[in-house]
Structures are given as structure tokens and as C-alpha cells.
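Below is one structure, written out as C-alpha cells; comments come after it.
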Amino acid sequence: MNQTDKSLPLVEFRRTSYSIAEKSAPIISDLSFTVERGERLVLLGESGCGKTTTLKLINRLLLPTAGEVLVEGKATTHWDAIRLRRMTGYVIQEGGLFPHFTVERNVSLVPSLEGWPEERTRSRAHELLEMVGLPPATFASRFPRELSGGQRQRVGVARALASDPQLLLMDEPFGALDPLTRESIQREFKELSTTLKKTVILVTHDVREALRLGTRIALMKAGQIVLLRAPQDFLQAEDAYARRYIETMTINAEGRVQNDE
Amino acid sequence: MDFLQRNWPDILSHTAEHLWLVFISTGLAVLIGIPLGVLLTRYKPLRAPVLGFASVMQTVPSLALFGFLIPLPFIGGIGARTAIIALVLYALLPIIRNTVTGILGIDPPVREAAVGMGMTDWQILRQVELPLAAGVILTGVRVAVVITIGVAVIAAAVGAGGLGEYIFRGLRQNNNQLLWTGAGISAVMALAADFLLGLPERYFDTRAGRVKEQRGRAVFQRIALGVIAALLVIGLGAFVFNKFSAWRAARTSAGQSEQSSRVRVGSKDFTESVLLAEMLAQMLEARGVQVERQFELAGNLTHTSLVAGSIDCYPEYTGTAYTAILQHAPITDPRAVYEQVRREYEEKFKVSVSEPLGFSNDFAILVRGAEARRLGLKTISDAVPHARNWRAGFGQDFMSRADGYSGFVRAYGFRFTQQPREMDLSLTYRALAAAQVDIIAGNSTDGLISALDLFQLEDDRRYFPPYEAVFLSRMDAVSRTPALADALKRLGHAITTEEMRRLNYQIDGEKRDRRQVISDWLKSKGL
Numbered sequence: 001m002n003q004t005d006k007s008l009p010l011v012e013f014r015r016t017s018y019s020i021a022e023k024s025a026p027i028i029s030d031l032s033f034t035v036e037r038g039e040r041l042v043l044l045g046e047s048g049c050g051k052t053t054t055l056k057l058i059n060r061l062l063l064p065t066a067g068e069v070l071v072e073g074k075a076t077t078h079w080d081a082i083r084l085r086r087m088t089g090y091v092i093q094e095g096g097l098f099p100h101f102t103v104e105r106n107v108s109l110v111p112s113l114e115g116w117p118e119e120r121t122r123s124r125a126h127e128l129l130e131m132v133g134l135p136p137a138t139f140a141s142r143f144p145r146e147l148s149g150g151q152r153q154r155v156g157v158a159r160a161l162a163s164d165p166q167l168l169l170m171d172e173p174f175g176a177l178d179p180l181t182r183e184s185i186q187r188e189f190k191e192l193s194t195t196l197k198k199t200v201i202l203v204t205h206d207v208r209e210a211l212r213l214g215t216r217i218a219l220m221k222a223g224q225i226v227l228l229r230a231p232q233d234f235l236q237a238e239d240a241y242a243r244r245y246i247e248t249m250t251i252n253a254e255g256r257v258q259n260d261e
Numbered sequence: 001m002d003f004l005q006r007n008w009p010d011i012l013s014h015t016a017e018h019l020w021l022v023f024i025s026t027g028l029a030v031l032i033g034i035p036l037g038v039l040l041t042r043y044k045p046l047r048a049p050v051l052g053f054a055s056v057m058q059t060v061p062s063l064a065l066f067g068f069l070i071p072l073p074f075i076g077g078i079g080a081r082t083a084i085i086a087l088v089l090y091a092l093l094p095i096i097r098n099t100v101t102g103i104l105g106i107d108p109p110v111r112e113a114a115v116g117m118g119m120t121d122w123q124i125l126r127q128v129e130l131p132l133a134a135g136v137i138l139t140g141v142r143v144a145v146v147i148t149i150g151v152a153v154i155a156a157a158v159g160a161g162g163l164g165e166y167i168f169r170g171l172r173q174n175n176n177q178l179l180w181t182g183a184g185i186s187a188v189m190a191l192a193a194d195f196l197l198g199l200p201e202r203y204f205d206t207r208a209g210r211v212k213e214q215r216g217r218a219v220f221q222r223i224a225l226g227v228i229a230a231l232l233v234i235g236l237g238a239f240v241f242n243k244f245s246a247w248r249a250a251r252t253s254a255g256q257s258e259q260s261s262r263v264r265v266g267s268k269d270f271t272e273s274v275l276l277a278e279m280l281a282q283m284l285e286a287r288g289v290q291v292e293r294q295f296e297l298a299g300n301l302t303h304t305s306l307v308a309g310s311i312d313c314y315p316e317y318t319g320t321a322y323t324a325i326l327q328h329a330p331i332t333d334p335r336a337v338y339e340q341v342r343r344e345y346e347e348k349f350k351v352s353v354s355e356p357l358g359f360s361n362d363f364a365i366l367v368r369g370a371e372a373r374r375l376g377l378k379t380i381s382d383a384v385p386h387a388r389n390w391r392a393g394f395g396q397d398f399m400s401r402a403d404g405y406s407g408f409v410r411a412y413g414f415r416f417t418q419q420p421r422e423m424d425l426s427l428t429y430r431a432l433a434a435a436q437v438d439i440i441a442g443n444s445t446d447g448l449i450s451a452l453d454l455f456q457l458e459d460d461r462r463y464f465p466p467y468e469a470v471f472l473s474r475m476d477a478v479s480r481t482p483a484l485a486d487a488l489k490r491l492g493h494a495i496t497t498e499e500m501r502r503l504n505y506q507i508d509g510e511k512r513d514r515r516q517v518i519s520d521w522l523k524s525k526g527l
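Going line by line, the protein sequences match chains P and S. If you count by our numbering, then the first sequence holds residues 1 to 261, one letter each, in order. If you count by our numbering, then the second sequence holds residues 1 to 527, one letter each, in order.
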């Protein structure tokens, strides 16, 4: 990604639509937005609003049925799928770790696919484990089933960062964690991504997570963005659906988390 | 035990033959099944038809499958090749199905992560799918091996050898030692294979939490390699042993033969047919002809093999040829039957029919000797009034053929209150002696008749057509080998019914070695 024009937006959706079959209702319809370098865009919305599909259109797990998605100014249809995915970090719920790989090997996955020398791969993996708060001396040789949910999630993040991608795609990465763990991981992750200057696109249905992590928040409904704001303006939105979503979600979360930063 | 001690080299070579069959068949099934299974996970439309085909193959009875394969060019014929093809077809289903379920059963997020990380399809297959599905796939292989060890027993029916020979021979000759040897060794083999292949399986289970301290991949690889190596050693050992036995056998027979040309002598799968074939084989060998023995072919395989050219000659009965093969309605005149058979075989199959050997092996309606004496039974008609409450037991052959059961009950006016039990012919003698049934249809020359004190009722209404023993031989083989024509001529009218029954009894009753029995007899007759 380094040799390309830095003035282009990193990701751009141009009137993009996606549907599973020709006749079925579109999951994404006529979606347009851009993501600038260094921002953390949160795609917020209830299940089935198309936020995960939007994410998968970026690393070419899906191809648009109409319009196009540009990454670094080049349509995903023109990207080599393998290349595109290897330079894009991808984190999914529960991490999607390989159960038969040790923690170290999970983290080393992309470097070893890229053919890095063994020593460099190893020190990179250890550096990353240190970074996400899992001392390699203790954790490198463990298997995923020997970790707690939070630890697995940290390994998932470390794996996505391994080849130092500029862009990080995260699909409900902290969804399965208990509230306390979630909060501390969210805080750590925010710091980490700011220091590393990563561009992050994160999918969640949790308004608090969106407010905590996003530099911009896109509220999605039925395959379209109904509201796209900075977090400080987001709560003041007067759009009816946004108000209802914010209220329901905050009331639901009230009992669990009282203190916001 | 004594039997094992005396025969261990023979038992060892049959066991090696069996192992070799199992090894090569499951090996091929793995080489075909796993890639095919992987393919099915990629192309969904293929899945149902391929799995369906494999399931159907498993439901085809093995003898039927062998019968179907024999006449086919290239893959057919008799011997190990046909058996291996059939065994591979049986072993495919568990391997394909477990490969498919193993791969499709992987947690969807794991697969999604693999794709999302930018792994190629090949990398996903090798690094993620196969290792994670390995436990399930291995279970499939284990099932396939155990099934194959069992089914390979049937391979003896097409002359592929193996432990099945003991089982078939044991059943036929009423010999429990043979039966137990064959069944026991194959059962132990199946248990051992099940256990050995179960070992690595446990380590492949990623949830079992076994692989703790060590790096998992190394352990997987080490164990998998260990098992593969062990299997290879066993397989190669069996192969070398096989070749060695064959070489030894070839050396012993090469001493006595002048190698004019080779004659393949076949036989059906019962004692008398084997003895007659052995008789011809020894006579040919004495005349310097190299002989290949293709004995104990089941059911109709002898005829199919003769016509297909897999064997050159085998002993047959005129009545069988007339009704079962030429499909004529049964008649009772021996001369007419013989002439008709001779003419038609020459025209239709280019097969020549020898002079009758002198005895005939007719259907014999048998009851227990004690019962016959108590009721004063002499003829079949005498038995009709008593038979109302008798249980009858007949071989599949008798139940189905034109001159069998249906005509028989009509001719004599039998009324059985219970439907006759249909069972394997060799089992009916034992069933009768053990009073499990009260009347059976055996063969008049069977040695077991006197061995088990059974009584043959006279066919007073002359219902059964004649079953004169003859040799059938391919005409090309006869003209190629003058010694064959000569031997066949010498055998004409040489054996009486009483003699044949005695020969049969020496095998079935006294359990003597068949080669010895035949060479003694040939000497005594000056043949």
C-alpha cells in the first residue's frame, strides 16, 4: 500500500449494491461513503442491516452486484483477492483462531504465508503478543482452547496486525466478551490503533462500543447508511430511527455498564 | 492347536495374502476416496450422485459383484485383480463420506478467518481443512479397513486366496478347525486394525486436550507417519511373503514339468469338484504340463470364467449344463441329455465335453438314518405321508432351479406345513444330522452321507434328471495341449459312484490332504 497515492481515500463505496440472488431483496442498496486514512469508522446497526456484508465487500469475500468498492482507488474486482486480503487485517467474533495451531503459529499465519524468514516471523509474533498483553513466554506455545475468551480475542487482533496492514476490518470483535473484559480490551485497542495509526472499520450493534471506539459512526438500516456522524454529534441526531435505536440500545445496556469515560 | 502347528506355513501365507489384499485395496480406496471427498466439498452438485453411487455399491452383495466383474474386459477375470476392484468399491463409501463430513463440519468462523487472512484454496485445504478433519477422515479409513478385512473373505470365491479359503473349505468339508482358523485370524486381524488405527485418531481430536506441552503439528505428523510406516511395513511384508511363496511353489512344480504349455484348471466350490480338478491337474503335471489351479470358484463363476477364457477346463455335470446353463426343461434320459449338451456346447461356446467320468452326482433326498430305520423308509414315496410335519431344509440351488423344489413337490405330492428353510448347501447336512431339519436334498456322492449316518431315499418316480460328471474344456486348449486330450480320454468311465463317495469321505470325513488322496488314488488305478 505504501507506493500508492496517499491523497486517495483508503476505501470508497460508489453506489454499491449487493444481493444474494438476482431476484432477492438487496442486502446492500446503493451505498456510497468513503473512509479516510487513520480514521476508525464504526458500522452500527441491528442484525441483518447489512453491516457485515459491507465489511466483506471490502476484502473481496463478496463482490458487489452493482456499483463498485474501491480500495486505494482500485476496484476490488480488479484486485487479486489473495493480495488484497493479506494486506488487510481481519478480525471476527471469537477470533476464528485455528484450533490446531499454537498461539504463536496463529499469529504468524500471514507472515509465514508471505514467506518471511523464520526468525523474523518469530520475533514479529512475540512482539505482537507483547503488544496485546499476552507475554509470549507464557502464551506462545498454548493452544486456543487453553485461553479465555478475552485472551483469544487478543490473539485474533495480534494475528490481524501481523503483516502490519494499514487497514483493519473487525466484525463484532468484542461481542462475545463479558462487560468488564470488553471494556478494558476496547480501551487497550483504542490506544493501540491510535499509536499504530491504523485505519479501522469496525462492525458492532453496541452503541457504547461505537461511541467509545469510533472517530465516525455510520448507523445502518436495511442496507443503507441513515446517519454518518462524529461520536460527539451522534447522540444529538434528530433522525427518528437513530433516536429509537440509540434509546433502546442505551436502556438495554444501562443495567450492565454505568460509567462511561 | 495341533492343526495350527502342522499347517503354520500354509496359514501364514494365507494370512499374508489376506493382509496384502486388504492393504492394497484400502490403499487404493484412500488414494481415490480422499481426493474425491475433497472434490465433493468444492462442487456441491456432485455430492449427492457420488455418495449415492458409493452407498449403492455397498449394498450390492459381494458374490453378485464378483459375478458381474468377471466377464468384463481388462478389470475382470478371476484372481486378485477382480477381488481388489470389488474391495475398493466397498471401501470407498466410508472414506468419501467421512472426508466430506470432516471438512464440512469445521467451525464456519475458522474457515471464514482462513479465507479472510488471504489463504489460497490449496493452503486452506492443506493447513486447515485436512488437519482439522483428519480425525474424522481417519475414522472413515478405520471403518473401511475393518469392512475390507471382513469382505476380503469372499475374495476366495474368485480365486484371490486369503483366509476365506479356510472358511469356504471348512464349511464345505464340515471341518471346524478350518472354519475357526479362517474366522479366528480374520477376526483378530480386524480387532488389531481397529485398535492400531484408533491410536492416532485420539491425537487428532483437537478438543481432547491431549497435545499440551508439545507443538501440535509435530505430534500429528509423527503419529501419522508412524502409522503410515507401520502399515507400509505390514503391507510390504505381506507382499514379499506372497511373492516368496509363489516363487517357492513355482520352483517345486518346475522340477516336474517340461513346460510344453500351461493349462488353467478350474473347479467349483465343493469337495467333489475340487477333487476331480485336482485329479486332472496331477495327471497333466505327470505328463509334463504346467498347471495353474483356479479352484473353488463360487456359483456360476466356473462357466463364466471358462467362456471368458480365464480357465481352460473344469468338471461339470450334464444335468447342470442342460438345465441351468442351456436352460432346457429337465428330462430323465442320460444319453439324450449328454448328446444335447455336447452338441450345444461345441456350437455355442466352442467348448468340448469329455466322455462321462463314470459316476453321476444326482440330487439325493436324505433323511436321518435312525429315522429311516424307525419308520422303515426306502423310497421318496414312503416318506410323503410322514412329511407333513417335517421341516425341510434346501440349498439355494435346489430351491431355484427348474429340476428342483417346485417340480419335486409336485411330482411326489409333498405337502410341507412349514415353508422349507433355504440355506447354504453345505450347512443342510449338519442341520439334518442335528435334527434342526428332517429332510434335505444333498448330492448322492457326498462323503458326509455315510459320515453323518444319513439315508438316501430312492427316487422311485424317476423325477431327477441325470447328473453325469464330465470335464468341459475350451477347444483351443485341447488342440494346443495333446496331453490334455489324452488325460481326459483316460478319465472316461474311470470312476464309479461308490469310489467317488469314498474319495469325498476321505476329505470331508477323515480330513485327509486332498493332493495326497488324489495321488494315492491315481497310483492305485494306474493312471
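For each residue, glycine too, the CB sits at the ideal point set by N, CA and C.
Where residue i falls: helix, strand or coil (DSSP)
| i | result |
| --- | --- |
| L357(S) | coil |
| V437(S) | coil |
| S253(S) | In this predicted model, S253(S) has a pLDDT of only 47, less than 50, meaning its place in the structure is not dependable; the value taken from the coordinates is given anyway. Three-state result, S253(S): helix. |
| S112(P) | helix |
| K74(P) | strand |
| N175(S) | coil |
| V91(P) | strand |
| T204(P) | strand |
| M119(S) | coil |
| F68(S) | helix |
| S352(S) | strand |
| G266(S) | strand |
| E422(S) | strand |
| R81(S) | helix |
| T417(S) | coil |
| K212(S) | Confidence at K212(S) is low in this model, with a pLDDT of 44, below 50, so the placement of that residue should be treated as unreliable; the coordinate-derived value is given next. Three-state result, K212(S): coil. |
| G159(S) | coil |
| T59(S) | helix |
| V38(S) | helix |
Inter-residue CB distance, residue i and residue j (contact presumed, cutoff 8 Å)
| i | j | result |
| --- | --- | --- |
| E201(S) | L138(S) | 5 Å |
| V337(S) | G358(S) | Actually they are not in contact, since the Cβ atoms of V337(S) and G358(S) sit about 16 Å apart, beyond 8 Å. |
| G442(S) | L366(S) | 5 Å |
| E104(P) | A125(P) | 5 Å |
| L57(P) | T16(P) | 7 Å |
| Q418(S) | R401(S) | Incorrect: roughly 21 Å between the Cβ atoms, too far for contact. |
Residue burial classification, residue i (beta-carbon count within 10 angstroms, cutoff 16)
| i | result |
| --- | --- |
| Q10(S) | Per the sequence presented here, residue 10(S) reads as Asp, with Gln not at that position. It is exposed - the Cβ of D10(S) has fewer than 16 other Cβ atoms within 10 Å. |
| E129(S) | buried |
| K268(S) | buried |
| A240(P) | exposed |
| F53(S) | exposed |
| I106(S) | buried |
| F270(S) | buried |
| L41(P) | buried |
| F195(S) | exposed |
| L429(S) | Just to set this straight, residue 429(S) is Tyr in the shown sequence, not Leu. With 16 or more other Cβ atoms within 10 Å, it is buried. |
| E46(P) | exposed |
| D403(S) | buried |
| Y43(S) | exposed |
Option nearest residue i by Cα separation, candidates the options
| i | options | result |
| --- | --- | --- |
| L129(P) | P117(P), V107(P), L63(P), R145(P) | V107(P) |
| F234(P) | I225(P), R244(P), I217(P), S148(P) | I217(P) |
| R47(S) | R97(S), Q127(S), E278(S) | R97(S) |
| L31(P) | P64(P), L8(P), L10(P) | P64(P) |
| M265(P) | I201(P), N59(P), S193(P), T250(P) | Because chain P in this structure spans residues 1 to 261, residue 265(P) falls outside the shown range and cannot be described. |
| H100(P) | D206(P), P144(P), A160(P) | P144(P) |
In chain order, what are the residue ranges of uninterrupted beta strand (DSSP E) at least 3 long that sit wholly in the stretch 3-56 of chain P? 11-18, 28-35, 40-44
Alpha helix (DSSP H) runs wholly inside the stretch 291-335 of chain S, at least 4 long, in chain order: 301-308
Where in the stretch 440-527 of chain S do unbroken runs of the beta strand (DSSP E), each at least 3 residues long, occur, reported from the N-terminal end onward? 454-457, 469-474
Give the list of continuous alpha helix (DSSP H) stretches no shorter than 4 residues that lie fully inside the stretch 90-116 of chain S. 108-116
What alpha helix (DSSP H) runs, 4 residues minimum, are completely inside the stretch 363-414 of chain S? 369-375, 380-383, 396-400, 405-412
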